[in-house]
Structure formats: C-alpha cells, structure tokens
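Chemist: Dropping the structure in here first, questions after.
Below, the structure written as structure tokens:
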C-alpha cells in the first residue's frame, strides 16, 4: 500500500489522503479518489484529470505556483 496526498485544484482546504495498492491502475486510483470525496467530485471517476505535483529531476521538487497556473490553463 502507498499513501497518496491529493487536492482539488482551486479548492482551498481540499487536501486528503488515499491509500491504494502500489501496483493499482490509474483507473483504480480515480475510483478511490471519487469514493473519498463523492460530494466534492461531481463527475464520473473516469473523467477525473490527475496531475503529478512533484517533479522528479533528481531533487523531487514540488511544482511552483507558476507551474500550477500553466497546468490549470492546460499548457
């Protein structure tokens, strides 16, 4: 099992944890996220868009605000 920290982009205070098997599919992760927040997430699980918020360039740095803004614009 791995613990993932999730948040809904643009919703303050929306962070939550999800425990899922390490080898689980993205589809299974989306279903688990939907189960954790059924009242906040109004779409079907398969319509969720997931974004990795941590870069892996050797230092494991988190995305900066400017990167988040570009992500929200779809860049």
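Residue numbers (the UniProt record's numbering): 1 to 75.
Each residue gets a CB set at the ideal place from its N, CA and C atoms; glycine is no exception.
A quick note: this is a predicted structure, and the numbers were derived from the prediction, not measured.
(1) For residue 30, is the classification buried or exposed, using 16 other Cβ atoms within 10 angstroms of its Cβ as the cut-off for buried?
(2) Restricting to Cα atoms, I'd like to know which of 17, 64, 1 is closest to residue 35.
(3) Taking a contact to mean a Cβ-Cβ separation below 8 Å, would you say residue 8 touches residue 40 in this structure?
(4) For residue 18, list the residues DSSP reports as bridge partners.
Modeler: Well, looking at it:
(1) Per the 10 Å Cβ criterion, buried.
(2) Restricting attention to 17, 64, 1, the CA atom closest to the CA of residue 35 is found in 17.
(3) It is a contact, given that the beta carbons lie within the stated cut-off.
(4) The partner list for residue 18 (beta bridge, DSSP) reads 4.
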